[in-house]
Every structure is written in C-alpha cells, then in structure tokens.
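Please read the structure below before turning to the comments.
Put into structure tokens, the structure is as follows:
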C-alpha cells in the first residue's frame with residue numbers, strides 16, 4: 589500500500605516524540621507499505637522564529653520571513669529521517685525545492701501550483717519512506733514560500749492528490765467529533781464525515797482540518813483519515829459521502845461574536861454591496877448576514893468576531909457619514925451555534941428539532957445553508973444549548 | 589567598491605548583534621559599496637542542532653546531518669537581510685541552492701567545485717547587499733552539503749575568488765597577532781602577513797583562518813583582510829608578500845602533544861612508509877617526524893595530539909606484531925612551539941637566535957621548513973619559551 593501521512597508540530601515537538609513517530613512509521617514499512625511523510629516544524633519552532641524576526645524588524649520582509657520560517661520543517665524532516673534510518677528504515681528527507689513543490693509567489697500565503705511527482709515516485713523506488721517538508725514551496729523564480737495557516741495539511745493533501753494516494757492526518761486530536769470534546773466531553777467521535785460537512789464545520793469554528801486542505805481533497809477525491817498520532821483508537825474518514833449518513837453529523841460553536849445592526853439605510857441594495865466590499869477590503873470577515881427591507885428603509889444585521897469591532901466602527905463611521913438617519917448598534921457577547929449534516933438535504937424536520945432544542949433561549953439571528961443551521965445566542969446560554977442539541981440529535 | 593564580507597557565528601550570536609552588523613554594512617552601502625555578505629549560523633545554533641541529531645541517532649546519516657545543519661545559516665541570512673531592509677538597505681538573502689554553490693557530494697566535508705557567479709552578479713544589479721549562507725553548498729544531484737570546519741571562511745574566499753573581489757573576514761579576533769593574545773597578552777597585531785606564513789601558523793595551532801580558505805586565497809590571489817566585527821582598530825592584510833617582511837612574523841603553540849618513539853625497526857624505509865600509510869588510513873595526523881638510521885636499525889619518532897594516543901596504540905600493536913625486537917614508547921605532556929617568518933628564507937642566524945632563546949630548556953624534537961622552525965618541549969616550559977622567543981624576535 590502507498591500512502592501520504594502527515595504529522596503536525598505537536599507530534600514532533602521533541603526528539604522523544606520524533607523517535608516514537610519513527611517507530612509508528614516503521615511498523616507500516618515492515619508490512620511492505622511505501623510512505624510519503626509530510627512533517628510540520630517541531631512544536632514552538634515557528635513561533636520562536638517569528639519572535640526573532642520581530643526583534644530585528646517591525647515589519648519583516650515577506651520574502652525573508654519565508655526564508656526564515658522554511659528552516660523549521662527542514663529541521664523536522666532531517667531529524668525524522670535520521671531517526672528512521674537509525675531504526676533500520678530506508679528513508680530520505682527532501683525539502684521544498686528538492687520535492688519540486690511549485691507555488692505562487694504570494695509570500696506567507698502561497699498556493700501550490702503543482703508538484704514534481706516524478707521526483708518523489710523515483711525516490712519511492714529506492715526508499716520506503718520519503719520525508720517531505722510541509723507548509724512550504726518554491727516559486728518558478730527559486731524563492732522559498734510558505735503556505736500560511738494549515739499549510740502542512742494542504743501540502744499533504746495536495747501531494748496525495750498528485751500521487752493518487754490516500755492521506756492520513758495525524759495530530760493530537762483522535763479524530764473528528766460531533767462536538768468539540770473540550771466543550772462537551774462526552775461528544776462522539778465520527779467514523780466518517782463528508783467533505784461538505786467538514787467544510788461547514790470548519791467555517792463554524794471546528795479546527796481539525798484547514799479549509800484549503802479539505803477543498804483540495806474534495807476536488808481530487810482524496811480520502812482523508814484523521815487520527816491521533818500516539819493513539820490506538822480508530823479515527824475518522826473524510827470522503828465524498830458520509831457512510832453513516834446521519835441527519836446531523838456535528839455541532840460547532842464560535843464564541844465572542846459581535847452583532848452589528850444598521851437601521852434606516854436607504855432602500856438601495858447597491859449600498860449593501862458597497863458596505864460589504866469596503867469591509868472585505870480591510871480583511872474583515874462578516875458572517876450571518878440578514879437583511880430586511882421595509883418601507884422605512886433597509887435593516888441590515890450581521891456578525892463579526894469581537895476583535896474586529898473597533899476597526900469596523902472606524903470603517904462604518906466614515907462610510908455612513910452622509911446617511912444622517914442611519915443608526916448603527918454593536919452588541920458584544922454572542923455565540924454562534926451551528927449543526928451540520930449532509931442528511932439535512934433529504935430529511936424533513938431538522939429545523940423543527942433545532943428550534944425545539946432552543947425553545948427556552950432567545951435567538952438573535954438565524955441563518956441556514958443546505959446542510960447547516962446556525963443561530964446566534966448570548967454567550968451565557970452556550971452550555972445549555974450545546975447540551976440540548978447533543979441530546980436532540982444524539983451527537 | 590565591491591567586496592565580500594564574512595561574519596562569523598559570534599558576530600551574529602543574537603538579534604542585537606545582527607542589528608549592529610546590519611548598521612556596519614549600511615555604513616558601507618551609503619558610501620556606494622556593493623557587498624556580498626557571507627554569514628555563519630548564529631552562535632551555538634550548529635552545536636544545538638548536532639545535539640538534537642545525537643538524541644535521535646547514534647551515528648546520524650551524513651546526508652541528513654547536512655540537511656539539518658544547513659538550516660543554521662539560512663536562519664542567519666534571513667534575519668540579517670530583514671534587519672538590513674529595516675535599516676533601509678536594498679538587500680536580499682540567498683541560500684546554497686539559490687546561489688548555485690556547487691560542491692562535491694562528500695557530506696559534512698564537501699569541497700566547493702564552482703559558483704554560479706552570474707546569479708550573484710545579476711542580484712548585485714538590483715540590490716546593494718546579497719547575503720549568502722556560508723558553510724554550505726549543493727551537489728549536482730540537488731543534495732545539501734556542508735563544508736566542514738572553517739567552512740564559512742572557505743565560502744567567503746571562494747566567492748571572492750570567483751567574483752574577483754577582495755575579501756574581509758570579521759570575527760571576535762581583531763586581526764592576526766605575532767602570538768595568540770591569550771598566551772601572551774602584549775602580543776603585537778600584524779599589519780600584514782603572507783599566505784605562506786599564515787598557512788604555517790595555522791598548521792601550528794593558530795586558529796584565525798582555516799587552512800582551506802588561505803589555500804584558495806593564495807591560489808587565486810584574493811587579498812584578505814581580517815578584523816574585529818565590533819572594533820574600530822585596523823586589522824591585518826593577508827596577501828602574496830608580507831609588506832613588512834620581518835624575519836619572524838609569528839609564533840604559534842600547540843599543547844597536549846604525545847611523542848611516539850619506535851626503536852629497533854629493521855633498516856627498511858618501505859616499512860616507515862607503510863606505518864604512516866596505515867596510520868593515515870584511520871585519519872590520524874602525525875607531525876614532527878624524525879628518523880635516524882643506525883646500525884642496530886631505524887629509530888622513528890613523531891608527535892600526535894594526545895587524544896589520538898589510544899587509537900594509535902591499537903594500530904601499532906597490530907602492525908608491529910611481527911617485529912619482536914621493536915620497542916614503542918608514548919610520552920604525553922608535550923608542547924610544540926613554532927616560529928614562522930617568510931624572511932627566514934633569506935636571513936641567516938634565525939636558527940641560532942631560536943636555540944639561544946631555548947638554551948635553558950631540554951628540547952625533545954626539532955623540525956624545520958623553509959619558513960618555520962618547530963621544537964617540542966615539556967608543557968611546563970611553555971610560558972618561559974614563549975616569553976624568551978617574543979623577546980628574542982621582538983614579536
């Protein structure tokens with residue numbers, strides 16, 4: 589069997605863990621598997637490098653930043669490959685330029701354009717394990733780049749797509765749960781989940797896999813398997829359809845939301861478009877948009893994460909200067925709770941069950957998609973709602 | 589003016605020092621200079637990486653070791669270039685593969701074959717400073733290599749040779765002294781010294797510049813300038829001829845030598861050749877060889893550094909098994925003291941002055957070359973001898 593495995597930074601945080609990962613990989617090679625291993629930087633390495641950069645420059649040059657950060661994964665791959673060789677495994681480490689991981693030249697958030705798959709295939713003939721630096725690539729120009737948040741997942745899935753291998757993502761989380769176990773300790777681990785469901789869950793605050801990696805997996809049909817690095821428990825498969833196909837697969841929670849309500853806007857939808865365009869220009873994401881047009885004008889409400897509030901106030905104050913009748917209110921302290929399930933598309937009564945679970949709580953906003961219902965509540969009702977929904981949907 | 593500058597690990601040991609080095613470089617660029625800067629890894633980085641390797645592997649794979657160690661210089665060049673940009677200098681960092689530093693594939697001790705000078709020349713049109721990783725290169729196969737001890741000096745001098753620039757070597761030593769200032773604090777700093785003299789001094793224990801870098805400088809006629817990174821004092825020029833041309837330019841001291849004497853060897857010089865061949869095979873350097881042929885047989889004596897003694901005993905025991913009459917003695921605790929001077933070639937009386945300075949000390953071995961006289965004495969006479977020689981030759 590051939591497979592891509594990815595180990596996150598906490599799985600290779602120190603040399604003891606690196607040796608344990610090497611033994612885990614060895615167990616597979618003795619069964620005859622050929623493995624491409626994608627590794628992140630060790631534990632806090634990247635944070636430490638960013639700190640050094642901050643000490644020499646207030647706004648570090650993006651190209652030099654990537655030159656600096658790419659060393660983190662190179663250290664991990666070298667140590668893991670050494671450890672594998674010590675254990676008698678035929679292993680070799682390669683970095684971004686050696687693997688031919690070609691990216692755009694958007695330093696700090698580059699996108700993979702393509703892999704030189706032939707290089708890795710050739711190495712797999714001579715070695716049982718090829719250890720590849722995650723999170724990074726190289727431009728046509730020969731500059732080193734990094735892929736931004738969740739970049740190592742992206743490297744692993746893109747590599748699996750190019751090689752047509754399955755992809756195993758190992759981390760300190762043992763799989764994908766119906767609810768974040770930190771919020772609800774008795775949450776169930778899913779055997780499987782669909783790409784669409786996990787994308788909706790990720791957007792709603794679940795942090796198991798980064799969006800971009802799931803999007804690539806979905807596009808190329810890469811079967812993902814998420815499990816704990818040092819756990820014997822079975823993990824969760826992510827694939828086109830959810831084998832179990834429950835109506836609701838999961839629940840996700842995003843705290844610290846601010847609700848923004850703009851009242852008495854002129855009845856002109858172009859204005860709404862311009863407001864969102866202006867806000868997006870400054871990199872602020874808005875969520876849970878709701879618009880009501882009545883005779884007196886438009887009432888527009890949406891949510892942002894609390895830390896954006898100050899910046900948003902500045903933007904809207906300038907933007908709405910000419911609309912004297914307009915009234916803007918900001919309310920902190922809200923939580924967004926979502927239930928996600930591919931089965932919603934075909935099942936009736938999900939909304940009914942959802943609101944049944946909420947019947948004792950004042951809901952401030954509701955938005956829905958094909959496979960998700962989200963509502964905004966005050967932070968203090970969070971635990972009650974999570975418990976009620978877990979019970980209602982048997983999560 | 590165009591120049592190659594090299595900064596050692598202690599000059600970039602922390603971000604404060606990196607910022608000071610950046611300001612020093614900036615002072616030159618504002619005068620219109622174009623500078624290729626070669627940097628070593630920060631302070632103890634390389635040692636720390638070697639320690640990590642030791643934790644995962646008893647005999648780390650040489651290729652993986654170089655994959656690991658090359659990250660050290662990449663971190664330095666990125667931080668220095670960031671710091672230069674912050675100071676308003678047009679700067680770019682490049683690593684081994686980007687600079688096209690092609691080497692042999694002798695991992696851990698590779699030799700530079702050639703540079704892609706065009707790449708650096710092209711960058712010098714767009715930037716005032718190109719910061720290059722020292723100590724490392726890349727094979728035709730795309731594997732990363734390191735150059736072994738003194739490798740960053742070698743990178744700098746080879747680059748200066750290829751670009752036909754002068755080369756400035758900055759470190760925590762303010763220049764080249766007649767005697768190691770740690771041994772003799774009132775030692776004089778030389779204004780200049782010849783390649784041959786410094787090569788003899790390096791072989792005799794002076795550690796200012798590594799042999800290989802001086803050999804390359806001599807071969808290509810690169811003028812070197814050694815000075816202190818954070819010092820205003822004038823340093824020392826190393827070039828074809830010593831401008832000052834004193835009879836004796838310097839004195840060097842190597843402690844902890846073992847004297848080996850093999851008596852009653854059959855009178856067969858082929859045997860001597862075979863002994864040295866066998867010893868060299870295990871990487872042991874022998875020094876101060878002296879051979880006396882008398883009727884009873886050959887008497888062979890030489891020195892090795894003390895840490896080789898045990899290994900040497902094992903080798904000689906096996907090798908001399910068939911020569912029952914042979915007697916081998918090992919004596920620890922010797923020091924080799926050498927005086928070096930290009931003027932010796934043409935001056936008479938140097939040996940006479942040398943032995944005059946030593947007249948109260950039992951000398952165990954003496955060897956000479958065109959520009960050097962060395963003698964072996966017991967460790968306890970070291971300070972007396974150094975003082976006497978400094979006085980005799982006005983060092």
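Protein chains in written order, with our numbering: chain A, 589 to 983; chain B, 589 to 983. Just so it is clear, CB atoms sit at the ideal spot from N, CA and C, and this is done for glycine as well. A quick note: this is a predicted structure, and the numbers were derived from the prediction, not measured.
{"Check": "For residue 640/A, go through chain B and note every residue whose CB falls closer than 8 Å to its CB, in chain order.", "Outcome": "603, 663, 667"}
{"Check": "So if I threshold CB-CB distances at 7 Å, which residues from the stretch 901-917 of chain A count as touching chain B?", "Outcome": "none"}
{"Check": "I'd like to know whether the C-beta atoms of residue 893/B and residue 867/B end up nearer to each other than 9 Å.", "Outcome": "no"}
{"Check": "Between residue 683/B and chain A, is the shortest Cβ-Cβ distance under 9 Å, so that the two count as touching?", "Outcome": "yes"}
{"Check": "Roughly how many whole angstroms lie between the Cα atoms of residue 608/B and residue 955/A?", "Outcome": "56 Å"}
{"Check": "Determine the direct distance from the alpha carbon of residue 938/B to that of residue 847/B, and round the result to whole angstroms.", "Outcome": "25 Å"}
{"Check": "Please classify residue 698/B: does DSSP put it in a helix, a strand, or coil?", "Outcome": "coil"}
{"Check": "Compute the beta-carbon to beta-carbon distance between residue 845/B and residue 924/B, rounded to the nearest angstrom, for a pair I have assumed lies under 8 Å.", "Outcome": "5 Å"}
{"Check": "Below 8 Å on C-beta distance, what does residue 671/B contact in chain A?", "Outcome": "644, 645"}
{"Check": "By the three-class DSSP mapping on this structure, what secondary structure does residue 690/B have?", "Outcome": "strand"}
{"Check": "Contact between the stretch 627-638 of chain B and the stretch 597-606 of chain B: three or more CB pairs below 8 Å?", "Outcome": "yes"}
{"Check": "Any beta-carbon of chain B closer than 9 Å to the one on residue 812/A?", "Outcome": "no"}
{"Check": "Here's the rule I'm using: 16 or more other beta-carbon atoms within 10 Å means buried, otherwise exposed. How should residue 909/B be labelled?", "Outcome": "exposed"}
{"Check": "Chain B beta carbons: is any one of them nearer than 9 Å to that of residue 768/A?", "Outcome": "no"}
{"Check": "Using only the alpha-carbon positions, how far apart do residue 859/A and residue 842/A sit?", "Outcome": "29 Å"}
{"Check": "Span of the alpha helix (DSSP H) holding residue 844/A?", "Outcome": "Not the alpha helix (DSSP H): residue 844/A falls in the beta strand (DSSP E), residues 838-853."}
{"Check": "How long is the line joining the alpha carbons of residue 870/B and residue 668/B, rounded to whole angstroms?", "Outcome": "40 Å"}
{"Check": "Buried or exposed, going by whether 16 or more other CB atoms sit within 10 Å of the CB of residue 683/A?", "Outcome": "buried"}
{"Check": "Look at the alpha carbon of residue 592/B and the alpha carbon of residue 810/B, and state the distance between them as a whole number of angstroms.", "Outcome": "11 Å"}
{"Check": "Determine whether the Cβ of residue 653/B lies closer than 9 Å to any Cβ atom of chain A.", "Outcome": "yes"}
{"Check": "Considering only residues of the same chain and omitting the five flanking positions on each side of residue 863/A, which have a CB-CB separation below 7 Å?", "Outcome": "907"}
{"Check": "Hey, how far is the Cα of residue 813/A from the Cα of residue 625/A?", "Outcome": "14 Å"}
{"Check": "Give a yes or no on whether the minimum CB-CB distance between residue 704/B and chain A is below 9 Å.", "Outcome": "no"}
{"Check": "Output needed for residue 656/A: all residues of its chain with C-beta closer than 7 Å, excluding positions within five of it in sequence on either side, in chain order.", "Outcome": "637, 641"}
{"Check": "Looking at chain A, is there any beta carbon in it that lies within less than 9 Å of the beta carbon of residue 674/B?", "Outcome": "yes"}
{"Check": "Say whether the stretch 729-737 of chain B touches the stretch 690-701 of chain B, bearing in mind that this needs 3 or more beta-carbon pairs closer than 8 Å, one atom from each stretch.", "Outcome": "yes"}
{"Check": "When the Cβ atoms of the stretch 771-789 of chain B are set against those of the stretch 716-731 of chain B, are three or more pairs found closer than 8 Å?", "Outcome": "no"}
{"Check": "Based on Cα-Cα distance, which residue from 603/A, 646/A, 678/A, 666/A lies nearest to residue 618/A?", "Outcome": "678/A"}
{"Check": "Buried or exposed for residue 926/A, going by 16 or more other Cβ atoms inside 10 Å?", "Outcome": "buried"}
{"Check": "Just checking my contact of residue 837/B with residue 766/B at CB under 8 Å: how many whole Å lie between their CB atoms?", "Outcome": "7 Å"}
{"Check": "Taking only runs that begin and end inside the stretch 716-771 of chain A, name each unbroken beta strand (DSSP E) of 3 or more residues, in chain order.", "Outcome": "717-721, 724-726, 732-734, 754-759"}
{"Check": "DSSP on residue 593/A, reduced to helix/strand/coil?", "Outcome": "strand"}
{"Check": "May I ask you to list, following chain order, the residues of the stretch 719-742 of chain B that have a beta carbon less than 7 Å from some beta carbon of chain A?", "Outcome": "730"}
{"Check": "Could you name the residues of the same chain whose beta carbon sits closer than 6 Å to that of residue 739/A, not counting the 5 residues immediately before and after it, in chain order?", "Outcome": "723"}
{"Check": "Taking beta-carbon pairs under 9 Å, can you tell me which members of the stretch 605-618 of chain A lie near chain B?", "Outcome": "606, 607, 610"}
{"Check": "Relative to the C-alpha of residue 612/B, which candidate in 675/B, 653/B, 644/B has its C-alpha closest?", "Outcome": "675/B"}
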